[in-house]
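Take any residue in the sequence shown, note its place counting from 1, add 1, and you have its number in our numbering.
C-beta atoms are modelled at their ideal positions from N, C-alpha and C, and glycine is treated no differently.
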Amino acid sequence: MFFENVVFDAADPHALGRAWEARLGTETLTDDAGGYETRLEVPGGPVLDLCFQPVAGATGEPGRLRLVVDETGERPVLAAITLDVADPAAERDFWAWLTGWVPVGAHGLQHPSSVGPVLELRAESAPKGARKNEIHLDVRLEAGDDADAVAREIAGRGGAELHLGFGDLPWRHFADPSGNEFCVLPYRG
């Protein structure tokens, strides 16, 4: 598995996607009725797609997952993706296994190349409520990954599969041990 997407629920996905693209200097992948996607390529490091999907009622509030941009250099760079969790030390192992990223600092993870943004797990101020996070992460299965075995391992590590009633989709919805939603996308051969 590998970390592939940061997904935003947006009332106006095209405006929000273009704003992030202009800010980070990313490349447009998709601009259609289904949303907006832009690619962040870190030289020698990760490739992350920022995906903006139309969701009625999206508030734009940052919630439990935030993108931190460092604007002190020549151009802004995505420095960190922060995620509020119940126990950052314990959940670092969960997210390391899920993303393939490696521990850095007390509660962070980074692409194995040691370049690019840090996924920083932060202690939550309150447990996650029932409301869906408006930003979530996607991981993608690789050749040889068994989707059902991955689902069992997620549960064994304290996560849970979610059945959200969105119909038959090629990906599966899960929650981490703190209730933060994420998706596991199928292998793309």
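Where does Ala114 land, buried or exposed, given buried means 16+ other C-beta within 10 angstroms?
-> Along the sequence shown, read from residue 1 onward, the residue named residue 114 stands at position 113. The displayed chain sequence assigns Ser, not Ala, to residue 114. The residue is exposed, with fewer than 16 neighbouring Cβ atoms inside 10 Å.
Grouping DSSP H, G and I as helix and E and B as strand, with all else coil, what is Leu170?
-> Position 169 of the sequence shown, counted from the first residue, corresponds to residue 170. The answer is coil: DSSP assigns Leu170 none of H, G, I, E or B.
For Asp94, the first and last residue of its enclosing alpha helix (DSSP H) = By 1-based counting over the sequence shown, the position of residue 94 is 93. Asp94 -> alpha helix (DSSP H) spans Pro89 to Thr100.
Spell out the partners DSSP gives Glu125 in its beta bridges.
-> Within the sequence shown, residue 125 is the residue found at index 124, counting from 1. DSSP output for Glu125 lists no bridge partner at all.
Give the DSSP-derived three-state secondary structure of Ala150 in the structure shown.
-> Numbered from its first residue, the sequence shown carries residue 150 at position 149. Reduced to three states, the DSSP call for Ala150 is helix.
C-alpha distance - Gly106 paired with Leu122, whole-angstrom precision | In the sequence shown, the residue the question calls residue 106 occupies position 105. In the sequence shown, the residue the question calls residue 122 occupies position 121. Between Gly106 and Leu122, the C-alpha separation is close to 11 Å.
Touching by the beta-carbon criterion (3+ pairs, under 8 Å), the stretch 88–97 and the stretch 169–189 | yes
Specify whether the stretch 8–22 and the stretch 48–58 touch according to this definition: at least 3 beta carbon pairs, one from each stretch, less than 8 Å apart.
-> yes
Among the residues of its own chain, which have a CB less than 6 Å from the CB of Thr31, if the five just before and after it don't count?
-> For the purposes of this step, residue 31 is taken as residue 30 along the sequence shown, with counting starting at 1. Only Glu38 meet the Cβ criterion.
Roughly how many whole angstroms lie between the Cα atoms of Gly64 and Asp146?
-> As a position in the sequence shown, residue 64 is number 63, starting the count at 1. As a position in the sequence shown, residue 146 is number 145, starting the count at 1. When rounded, the distance between both Cα atoms is 31 Å.
With a CB to CB cut of under 6 Å and the five nearest residues on each side skipped, what residues in its chain are close to Val194?
-> This structure gives no information on residue 194, because the portion of the chain shown stretches from 2 to 190.
What do you get for Thr1, buried or exposed, if any count of 16 or more other CB atoms within 10 angstroms of its CB means buried?
-> Because the chain spans 2 through 190 in this model, residue 1 falls outside it and cannot be assessed.
Since His137 is in the beta strand (DSSP E), which residue starts that stretch and which ends it?
-> In the sequence shown, the residue the question calls residue 137 occupies position 136. Start and end: Ile136 to Arg141.
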